[in-house]
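Student: Residue numbers (the numbering used here): 1 to 55.
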Amino acid sequence: MEIVYGILIIVAIVGLYFWSYSANEKCDKPEGAEDLECKSCHASHCSSRKNEFEK
């Protein structure tokens with residue numbers, strides 16, 4: 001029975017993760033918020049620099 005409870009807990013945690021991820025994607029970003037990829041490099045005009053690296 002412990003295995004069933006463990007599986008249910010894992011399924012609930014994974015379900016909460018996917019639900020919170022989809023809810024987060026639906027929300028609008030506040031003005032001035034940056035993507036995490038851009039925030040980590042502390043660069044200005046990060047989107048244009050990312051396009052240069054993708055070429």
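Where is the CB? At the ideal position from N, CA and C, for every residue including glycine.
Which same chain residues end up closer than 7 Å to PHE18 when comparing Cβ atoms and leaving out the 5 residues on each side of it in sequence?
Tutor: Correct list: empty, nothing qualifies.
Student: What span of residues does the alpha helix (DSSP H) with LYS26 cover, start to end?
Tutor: Element bounds for LYS26: 2 to 26.
Student: Could you give the distance in angstroms between the alpha-carbon of ILE3 and the alpha-carbon of TYR21?
Tutor: Looking at the two C-alpha atoms, the distance is approximately 27 Å.
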